[in-house]
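Here the sequence shown is numbered in the working numbering, starting from 68 and rising by one per residue. Cβ coordinates follow ideal geometry from the N, Cα and C atoms, glycine included. Input: a single structure, listed below in structure tokens.
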Amino acid sequence: MAKKDETDAVSLWERLERPATAPRASLTPGRIADAAIAIADRDGFAAVTMRKVATELGVAPMAAYRHVDGKDELWALMIDRVSDELEPPGEPSGWRGTLRAYALRTRETMLRHPWLAHMPAPLFALTPNRMAAAERQLASLDGLGLDVDTMMAAFRAVNAYVHGATQSEAALRQYMADQGWESGDETRRGLAPQMSYLMETGRYPTYRRYTQGAARKDDAAWQFETGLDCVLDGVAGLVERGRA
């Protein structure tokens with residue numbers, strides 16, 4: 068059988084926006100997405116299957132397939148649904164306020180739904196809500212003297228930091244939970260044999276100074292926001308040069 072030309076494919080989002088030709092069914096893509104998210108929040112991303120989603124909704128698997136054509140579209144629906152949570156409250160001021168507000172919301176969303184860190188290429192999922200968030204952030208950089216390539220590079224740099232830092236934070240939380248450690252102190256005690264040996268070699272004097280003098284080892288929010296400000300300061304340099 069000849070492979071279907073990809074240019075003939077109709078995207079999930081186009082199908083969903085077409086006018087309905089029949090009375091609205093009780094089973095909707097939104098309900099399917101909510102059920103899949105509930106499973107992922109409770110049991111992890113690997114637990115999400117079309118059969119489990121159908122069971123959660125009390126329908127036959129084929130009923131769900133009438134709305135979602137397989138796991139790729141299911142993942143896209145899940146990402147789009149949680150991406151609706153990215154919209155910051157109020158009206159952020161200026162490009163820096165906008166990028167910062169979205170960064171903080173993204174961290175909150177990823178920590179609330181840690182399975183996002185395990186999704187296949189979530190950064191590249193093309194969904195309406197993700198595109199709306201990207202558009203708002205890019206628009207904040209428009210008109211500042213940056214060409215479109217530099218605007219996109221700045222936007223991606225901020226988002227790469229946000230996703231990387233938050234994935235690390237979520238991974239540490241999971242590791243601590245797996246080990247039964249409930250605090251930073253318990254984690255450090257658990258890792259003490261390895262850390263003590265490494266520090267006693269004398270090869271890492273600056274890191275040793277950090278371990279002995281740091282006051283914010285367990286302040287994940289401060290660490291995230293300080294790193295974010297470092298990235299935003301870099302973007303500010305681009306903006307200043309663009310205005311010059």
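| query | result |
| --- | --- |
| So for MET243, helix, strand or coil by DSSP? | helix |
| When we look at the beta-carbon of TRP142 and count the other beta-carbons within 10 Å, is it buried (16 or more) or exposed? | buried |
| Note down, in chain order, each residue of its chain lying with its Cβ closer than 6 Å to the Cβ of ASN196, except the 5 sequence neighbours on either side. | ASP147, SER150, ASP151 |
| Could you have a look at PRO156 and say whether DSSP puts it in helix, strand or coil? | coil |
| May I ask which residues mark the beginning and end of the alpha helix (DSSP H) holding TRP248? | No alpha helix (DSSP H) contains TRP248, which DSSP labels as neither H nor E. |
| Give the range of the alpha helix (DSSP H) segment to which ASP285 is assigned. | From DSSP, ASP285 is part of no alpha helix (DSSP H); its letter is neither H nor E. |
| Any chance you could list the alpha helix (DSSP H) runs of at least 4 consecutive residues sitting entirely within the region 117-200, in chain order? | 117-124, 128-132, 138-150, 161-179 |
| The alpha helix (DSSP H) that contains GLY111, what's its start and end? | Note, GLY111: premise wrong, no alpha helix (DSSP H); not H, not E. |
| Of the residues SER250, ALA287, ALA221, which one's Cα is nearest the Cα of VAL298? | ALA221 |
| Beta-carbon within less than 8 Å of ALA114's beta-carbon, same chain only, minus the 5 sequence neighbours each way: which residues are those? | ILE106, ALA107 |
| Please state whether DSSP places SER93 in a helix, a strand or coil. | coil |
| Can you confirm whether the region 252-264 touches the region 124-138 when touching is taken to mean that 3 or more C-beta pairs between the two stretches lie within less than 8 Å? | no |
| Rounded to whole angstroms, what's the CA-CA distance from VAL215 to LEU305? Just pull it up for me. | 13 Å |
| Does DSSP put ASP300 in a helix, a strand or coil? | helix |
| Between which two residues does the alpha helix (DSSP H) carrying ARG82 extend? | 79-84 |
| Counting pairs of beta carbons, one from the region 232-246 and one from the region 179-188, are three or more of them closer than 8 Å? | yes |
| How many Å lie between ARG179 and PRO155 at the Cα? | 15 Å |
| Figure out for me which residue from LEU213, THR122, GLY111 has the closest Cα to the Cα of LEU94. | THR122 |
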